[in-house]
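One line per chain: the protein sequences are A and B, in this order. Residue 1 is where the first sequence starts when you use my numbering, and the numbers rise one by one after that. Residue 1 is where the second sequence starts when you use my numbering, and the numbers rise one by one after that.
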Amino acid sequence: MNETHTSVYKTKPEKKHGEVLLDIRNLSKAYPGVQALDSVDLQIKRGEIHALLGQNGAGKSTLIRMLSGAEIPDGGSLQLLGKNLTLRNPMDSQKAGIFTIFQELSLVPELSVAENIFISDLPKSTFGIIDWKIAKRRASDIMKWLGFDVGVDQQVKNLSVSQKQGVELAKALHHKAEVVLLDEPSAALPQPDVKRLFQILGNLKRAGLAIVYISHRLEEVQELCDLATVLRDGKLVDTYSVADTESSTLVRAMVGRNVNSSLLGEALAGVGRPRIGTGSYGSVVMSVNSISDGSMLHDISFDLHEGEVLGITGLLGNGQPELAGCLFGNRSLSAGTIRIFDREIRRSTPRSVINAGVGLLPEERKTQGLVLGMTIEHNMTLASQKQFSRGSIIDNGKEKSAVDRMMKSLDVKATGPSQIVGTLSGGNQQKVVLAKWLISKCRILVFSEPTRGIDVGAKEEIYQLIRGFVSEGGSVIVISSEIPEASMCDHVYVMSRGTFAGDLDFQDIDIHGDAILQYCCS
Amino acid sequence: MEMQSYNIVVVEEKYMEIAAEKHALEFKSSMVGKALKSLVTNYLLIVLIAIIVLGSILSPYFLTSRNVGNVLTFAAVVSIIAVGQFFVIVTGGIDLSVGSMVALSTVIAAVSMKGGTSPFIASLLALLVTGAVGGIAGLLVVKAKIAPFVATLAMMSIARGTSYLVQIGSLISIDDEGFIHFFAGKTAGISNPVIIFVLVMLVSAFFMKYSTYGRRLYAIGGNAEAARLSGLSVDTSIFSVYLLNGLLAGLAGLILAAQLTQGSSLLAQGYELDAIAAVVVGGAALSGGSGNPIKAVAGGLIIAILGNIMNLMTIPSEPQQVVKGVLIIIAVVFIGGEFKPTLFKKRQKNSA
């Protein structure tokens, strides 16, 4: 680190590592019907990386939203370095030195890196004219200190997710952040970038900042964090020193019950590798024959069998979303054929694929899977209009009883079937999408990133539901860039540069997924 | 490990019976409660009642059957196109060509009757033409992917121009008694335009609430991509609302032609904006996915009644326009069910 770079973020002498930066006392927040946070006490200290763990609905996001000024607490107090804080809006928070980096980054895509970093206070010269020279130099200093070699004139929309996160961090540093909150920062990052992020966070920690890190990936927490606080049902369970705590203890604290009987519990207890499917399958139900899309994908073939859970994985940027698009009928094929139950899909549209008996669970639940403004009931029956209508008039009683039953069997946590879907937590929203297809009685489910942004407990539930579906004779395709997830499937295809580089049976996959990784990089 | 959730399937039948019984019971006991609740939560109805009370205080003439009949008869044309516009808006679209289509309809009807065509065929012809205009707008939106605002802006000009060309010269009078009676006369003391618009409104409301078609439109307006990935025929549905809107504009044109006993390309200027105002005052979001046809008509009636009250008080038309504009703003902020919660409470997203 050379001279210019250290000046970017000076470690002031008064910044004592270990002093309490943020003191949260009795913080509470209620929504209609839920106590989202229930008198939570938490101290965040300078120079530590503090993980925040919990299932969907545990209160993590609520806590983050209050610290970032997006929500106002019902009760309790916040102190920063002993001074009382009232956060009414995001500006208050940022002025106090609390920066939040959300999954959906809050940068202006059309503006340059420098403009984004200085968004609220571009340096001005004598006549109030923006001093671009200073702005650019300072922006590039901060970016370099963070370890990013990015032209500060570039528009942010042209950057990778990792670089965008860098810009967010630079913005925080420029505004003299004391506490940086990161909400699932690694969810959309490829592996090498995650490593880099960890290095940067380590540097920030040494520079005397406090980092609050939210993630669903326990391995990451173990690698990166000093402390881990677990929330459950809006209450703080405990704060653990990560180095002295087994991950099974953390999982147990998050789930609130003994998880040894469960799928992930089996693995944690060392019984063997977890497996989503049942391992027995029948005849071919879907047959994909050397399809190409004319740009990203070429020559992809596979067979899906009755009762099978088929995984498709690979590193980011190797064509998994594009393949999902083709299987959804959302992306046209330039060559090859898709047969579903002996029906050849000629004009491939979502509608024709669905009519052939396939349910589609897209990657983006909120923008592709759900009508957020509609009720749970109406979302669940969206793909089964024929089933619940006579001569196009909807049979409300029949619809309601099917929805009630599905809400019970999937354990959807809501005030009732008429709750608006947009107000549900991520895990419950995914259950609504799944319910939509279970109600439609489809025989094949195609998941794209089934558990993205979903925590351990809800993940477990989703896997259980998939297992239930295949044990009833259904078939499932799981397209996932999470190798551990793919390695739980009966058969795994590995994508590299737009085609299948290899395939493995469940038995051939080792516990670390090394065999899969080997194909990924081929 | 057994799947709890799928065991449920075994007891499915039994559960369905229980649920059905419970549903029936709840239904009876909740009917009265529901009616009361809907009255309280329905700001639109309260405002409508408040305006009627205000009117009866301000003018003794206001609540006479003659005046009420006049207001409703006058409101019929806008109410029908408001329903049509609602269908478009609920999918997240907009149709600016409505006023032009109404004028085109009056001209087609008048010209063909002048040429000796029977009123029935003339009416059918008018509906056919406006239906086609709406259908073309629908195709432009769905197939050519032109933004609804732009596509219908073009159709607005084309339809208005066509009505000039068809008309050739000044307005054409209509003297067919049968036509005038059917679209502007009275049946059992109630004016036919009122009967027609109430029918259009009720049938539309029924379909929006209880049919798969209505459900589809709400879903498309709420999130077209999710609707498409649920296997709904999004393009066909969107095309259909423009077609439907064209047909309803044609119907409104026939009523207007009969009421004025003429067809003219100069009629119905700016009616598209009245229709949009009605839908918006009725609480539907322009982004789609909300509102219903009854509310859209109620929104139009609120505007019409307020205009009537001001007429009775002999307020000149210029201040009336100011009041109308202010009313739209107030209505959208305070009446529109979609907007109210966000104004007074912070919006609540996922609970954690």
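Glycine is no exception: its CB is placed at the ideal position from the N, C-alpha and C atoms. Computed from a predicted model, the values in this text were never measured in an experiment.
- Residue pairing by DSSP leaves B:T106 without any beta bridge partner.
- When only Cα atoms are considered, A:T126 and A:A135 end up about 15 Å apart.
- About 5 Å separates the beta carbon of B:F86 from that of B:P293, a gap short enough to meet the 8 Å contact definition.
- Looking at the backbone, the Cα of A:G277 and that of A:L438 are separated by about 17 Å.
- For B:D235, the enclosing alpha helix (DSSP H) starts and ends at V234 to L260.
- Where A:Y493 is concerned, the enclosing beta strand (DSSP E) starts and stops at H491 to S496.
- The beta carbon of A:Q368 falls within 8 Å of a beta carbon belonging to chain B, placing the residue at that interface.
- Taken atom to atom, the span from the alpha-carbon of A:G314 to that of A:R467 is near 23 Å.
- In terms of CA proximity to B:S233, A:S352 leads the group A:N89, A:V358 and A:S352.
- For B:G222, the C-beta contacts it makes with chain A under 8 Å involve V371, L372, G373 and M374, in order along the chain.
- With fewer than 16 neighbouring CB atoms inside 10 Å of its own CB, B:G169 falls in the exposed class.
- By the rule that beta-carbons nearer than 8 Å mark a contact, A:H216 does not touch chain B.
- Per the Cβ contact rule, the stretch 253-271 of chain B is not in contact with the stretch 43-52 of chain B (fewer than 3 Cβ pairs under 8 Å).
- DSSP places A:D23 inside the beta strand (DSSP E), whose first and last residues are V20 to Y31.
- If you check each beta-carbon in the stretch 332-354 of chain A against every beta-carbon of chain B, the ones closer than 7 Å belong to P350, R351 and I354.
- Contact of B:T212 with chain A is assigned, a C-beta pair being separated by under 8 Å.
- Per DSSP, the continuous alpha helix (DSSP H) segment holding B:V77 begins and ends at S65 to V90.
- Approximately 24 Å separates the beta-carbon atoms of A:T451 and A:K441; this is outside 8 Å, ruling out the contact.
- The CB of A:S389 comes closer than 8 Å to the CB of S211 and T212 in chain B, given here in chain order.
- Nearest neighbour of A:G474 by Cα position, chosen from A:V284, A:L80 and A:T100, turns out to be A:V284.
- Minimum Cα-Cα distance from A:V309 among the listed residues A:Q222, A:T415 and A:V476 corresponds to A:V476.
- Its Cα nearest to that of B:A109, the residue B:A126 stands out among B:V241, B:V200, B:I195 and B:A126.
- With 16 or more other Cβ atoms inside 10 Å of its own Cβ, B:I89 counts as buried.
- Chain B has no Cβ within less than 8 Å of the Cβ of A:K459.
- Counting along the chain, A:I300 sits inside no alpha helix (DSSP H); it lies in the beta strand (DSSP E) bounded by residues I300 to H305.
- Of the candidates A:S186, A:S39 and A:A139, the residue whose Cα lies closest to the Cα of A:I117 is A:A139.
- Under a criterion of Cβ atoms nearer than 8 Å, no residue of chain B is adjacent to A:A51; the nearest Cβ is some 17 Å distant.
- Taking a cut-off of 8 Å for Cβ pairs, the stretch 213-224 of chain B and the stretch 58-77 of chain B do not touch, as fewer than three such pairs fall below it.
- Within the same chain, V20, L22, D23 and I24 come within 8 Å of A:Q43 by CB-CB distance, once the 5 residues on both sides are set aside.
- Contact annotation for A:A435 against chain B: no contact, minimum CB-CB distance about 10 Å [criterion: below 7 Å].
- The beta carbon of A:A228 sits no closer than 8 Å to any beta carbon of chain B.
- Annotated three-state conformation of B:G221 is helix, per DSSP.
- Per the DSSP secondary-structure output, B:T187 pairs in a beta bridge with B:I190.
- Taking 8 Å as the threshold, the shortest C-beta distance from B:S240 to chain A does not fall below it.
- Using a 10 angstroms sphere on the CB of B:P193, the tally of other CB atoms reaches 16 or more, which defines it as buried.
- The beta carbon of A:F469 is closer than 8 Å to those of L438, L445 and V476 in its chain, skipping five residues each way along the sequence.
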